[in-house]
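Heads up: the protein sequence lines correspond to chains A and B, in order.
Numbering-wise (my numbering), the first sequence opens with residue 6 and increments by one.
Numbering-wise (my numbering), the second sequence opens with residue -16 and increments by one.
One structure below.
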Amino acid sequence: MRKAAVVIAAVLIMLAVSSCASGSLSGLYEEDVLRPARVKLDFSGDSVTLTSLKGDLLTGTFTASGDVVEITFPPAEAHALGLRQVMNGLRSGDKIIFEDYTFLRMPSALEKIISWMPALLNASWITLSLTVLSVCAALILSVFLALGKLSKNFITRNLSNAYVFFFRGTPLLMQIFFIYYGLPLIHSALTIQSRYMAAFIAFTLNIAAYVAEIIRAAIQSIDKGQMEASKALGLSYAQAMRLVIIPQAYRRMIPPICNEFVMVLKDTSLVFVIGLMDLTSQTRKIQSSNNTTLVFIPAMALYLVMTSVFTSVFNRLEERLSRYE
Amino acid sequence: MSVVRTENLCKSFGQLEVLKDVSLSVEQGEVLAIIGPSGAGKSTYLRALNHLETITSGKLYIDDILVEEWHHGHMKSKLPHKEHARLLLKMGMVFQRFNLFPHLTAAENVMLAPVHVGGVSKTEARKLAEEQLEKVGLSDKINEYPSKLSGGQQQRMAIARALAMHPEIMLFDEPTSALDPELVGEVLGVMKNLAKSGMTMIVVTHEMGFAREAANRVVFMCDGVAAEEGSPDELFTNPQNPRAKQFLQSIL
Ligand SMILES: Nc1ncnc2c1ncn2[C@@H]1O[C@H](COP(=O)(O)OP(=O)(O)OP(=O)(O)O)[C@@H](O)[C@H]1O
Ligand SMILES: [Mg+2]
């Protein structure tokens, strides 16, 4: 509960700081031109020759009728420069009539963030669902891997070890790349149509290797006496594992598995290699098309919110499972 | 009829010979105490009986049935798996460090094996657990987790857990050595009652008072050998083996 409050406070502070910062920056000379704007200049007060204006305003288009010059700006960053030069050429008494108000009044940081929110939330959903689905699928797979690693059977043990060796030992980025682009080259039947599905498979396979190690370590950390007492009572190995060892190992797995969730949440940003729009990719896209770093603030806040959801769920789980201690 | 018997039981860990030709037998209703210095192989002997260690050589009989026979690390004969498991179930074991299941309550600890091994229904097992826990004086702790109990209570709970499988013989491996001195009495009390009720028992112990009072026979084990065997009176008052003499002098 306290953690959630801290996160919310952090998000609010970030938003406040960001709106103050841009408040001081906003104004006529700000580079953020969001839409084409039309400006009318009235030169009746004093003389500004059209030709000099033309020379200064590199990309605007002009129409003149009497003393009024109308300039239409296409949507690009350079136009503020042109406008600034027009302003420099004005004399007292000249009028500027802004027909498109949005050009002058910069949207506030909050308005910008709100306008990005749908795209960011959509991308967060990809990030979050990919994380949760692949970690959950990996949990199932990893129980078998962990038991395989602990098995006395030579083949099972070595297969599990080889699996973990491979998926921990190669970059996740390459695994994602390989599953989406590489598999179809081996055989067309191995083609995975959906990028999301490809990412899900790659993450599941990769995470399982890490979680298998977590589970193995947790199982091995349980006192040997537990297995002996189970055997002495006549339980089979499988029963002892299921009824005695694994229930105790659960609790010890929770902190590292929570950690795994948080790591995976951030690792999902690697899906950009197969063109999937997760939160990081979306953020970078907004950043480059709007030429602003402001977007990182809501993006980081969204990551923090997701992380804190994981941590609070796992903390509660851990508390519940600790009741016998 | 002997409940448990070993013939020339040997156990090595690699080069280390821990048990050398141990031949012992325990009759129905008998209480056998095993004493001896640390590292003598007492625990290993109990663990070998209960199949927690595989033996290197020798024969193991339960109820006069040859359960398994080994020769220099090779199995010469073994009962079919089901029969083997059935006979091993005739032994209940109590450990020095209790080895209770910490994630289960007292009742659940006792119920686990009857339900999952004995095939008893949960309601029946619950009744059984209540009975067994009452026997060891823990009626009021039925729903407590082991961590909430004292060492003495935990060990009594472990005894109840073993008894719930209705063993023919109980193996105790230094059941009181992990206990504070003031808690030893309550556990020994439960064990004495158990002996009185006719339970066959093998007790590895450093409690000479208990061995003297409750045991029918005492074995002195040293360096993996059952060096001397006799009634408590004989062995405690007039040991023949020089190592036994020395050991008894050092602790009495
Ligand atoms: N798993 C094992 N691997 C190797 N050596 C072992 C193993 N278990 C026991 N030993 C060795 O076997 C010998 C006998 O051990 P054991 O535990 O049976 O002695 P003990 O008579 O029960 O002693 P204590 O009174 O200290 O419990 C010791 O030297 C011990 O180090
Ligand atoms: Mg011992």
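Glycine residues also receive a C-beta, built at the ideal position from the N, C-alpha and C atoms.
Predicted, not measured: the structure shown is a model, and the values here were computed from it.
Per-residue contacts from residue i into chain A (C-beta, under 9 Å)
i       : result
B/Ala23 : Within 9 Å Cβ-Cβ: nothing; B/Ala23 doesn't reach chain A, min ~20 Å.
B/Phe78 : Gly230, Glu233, Ala234, Ala237
B/Gly26 : One point to set straight first is that residue 26 of chain B is Ser, not Gly, in the sequence displayed. Residues of chain A passing the Cβ test: none, with the nearest at roughly 11 Å.
B/Asn33 : Glu233, Lys236, Ala237
B/Ala68 : Gly239, Ser241
Opening and closing residue of the beta strand (DSSP E) in which residue i lies
i          : result
B/Lys42    : 40 to 45
B/Glu212   : 208 to 213
B/Gly75    : 74 to 77
B/His67    : Segment 64 to 71 is the alpha helix (DSSP H) holding B/His67; no beta strand (DSSP E) there.
B/Val(-14) : -15 to -4
B/Ile105   : The identity of residue 105 of chain B in the sequence shown is Lys, whereas the question assumes Ile. It is not in any beta strand (DSSP E) - B/Lys105 instead sits in the alpha helix (DSSP H) that spans 105 to 118.
B/His54    : 48 to 54
A/Phe159   : Run containing A/Phe159: none in the beta strand (DSSP E); it sits in the alpha helix (DSSP H), 159 to 174.
B/Met204   : 200 to 205
B/Ala16    : 14 to 18
N-terminal and C-terminal residue of the alpha helix (DSSP H) that residue i is part of
i        : result
A/Val269 : 251 to 272
A/Ser138 : A small fix is needed here, since residue 138 of chain A is Leu in this sequence, not Ser. Its alpha helix (DSSP H) spans residues 114 to 155.
B/Leu166 : 164 to 179
A/Ala222 : 200 to 225
A/Val310 : 301 to 326
A/Thr288 : 284 to 295
B/Met58  : Counting along the chain, B/Met58 falls outside any alpha helix (DSSP H), though it belongs to the beta strand (DSSP E) covering 57 to 61.
B/Lys124 : From DSSP, B/Lys124 is part of no alpha helix (DSSP H); its letter is neither H nor E.
B/Val93  : 89 to 99
B/Phe193 : 191 to 197
A/Lys229 : 229 to 237
Exposure of residue i, with buried meaning 16 or more beta-carbon neighbours within 10 Å
i          : result
A/Leu195   : exposed
A/Cys332   : One cannot answer for residue 332 of chain A here, as it falls past the ends of chain A, which runs 6 to 330.
A/Glu324   : exposed
A/Thr56    : Because A/Thr56 carries a pLDDT of 36, less than 50, the predicted location of this residue cannot be relied on, and the following value inherits that uncertainty. So A/Thr56 counts as exposed.
B/Gly102   : exposed
B/Trp53    : buried
B/Arg(-12) : buried
B/Asn126   : exposed
A/Gly32    : Residue confidence is low: A/Gly32 scores 34 on pLDDT, short of 50, so the model does not pin down where it sits. Its coordinate-derived value is still stated next. Exposed is the call here.
B/Ile17    : buried
A/Val331   : Given that chain A is displayed from residue 6 to residue 330, the structure contains no residue 331 of chain A and the question cannot be resolved.
A/Phe205   : buried
B/Pro215   : buried
B/Arg144   : buried
B/Met(-16) : exposed
A/Gln180   : buried
A/Gln231   : buried
B/Met204   : buried
Residue i beta carbon near ligand 2 (any heavy atom closer than 7 Å)
i        : result
B/Asp156 : yes
Within chain B, the residues that residue i reaches when beta carbons sit closer than 8 Å
i        : result
A/Gln231 : Asn82, Phe84
A/Gln244 : His99, Val100
Beta-carbon neighbours of residue i, restricted to chain A and to distances below 7 Å
i        : result
B/Ser160 : Result: empty, since nearest Cβ-Cβ is about 14 Å, beyond 7 Å.
B/Met148 : Leu238, Gly239
Residue i Cβ short of 7 Å to ligand 3 heavy atom set
i        : result
A/Val137 : Looking at this structure, you won't find ligand 3 anywhere; what it does contain is ligand 1 and ligand 2.
9 Å Cβ cut-off: residues of chain B touching residue i
i        : result
A/Val249 : Phe84, His86, Leu87, Leu95
Closer than 7 Å at the beta carbon, the chain B residues around residue i
i        : result
A/Pro252 : His86
A/Tyr329 : Pro85, His86, Tyr128, Ser130
Neighbour flag for residue i against chain E, beta carbons, 8 Å
i       : result
B/Glu51 : Here the protein chains are A and B, and chain E is not one of them.
Contacts of residue i in chain A (Cβ-Cβ under 8 Å)
i       : result
B/Leu71 : Gly239
> Taking any heavy atom of ligand 1 as the mark, which residues have a C-beta closer than 5 Å to it, listed down the chain?
Replying inline: With 5 Å as the limit, the residues whose C-beta approaches any heavy atom of ligand 1 more closely are B/Phe(-4), B/Val1, B/Ser21, B/Gly22, B/Ala23, B/Gly24, B/Lys25, B/Ser26, B/Thr27, in sequence along the chain.
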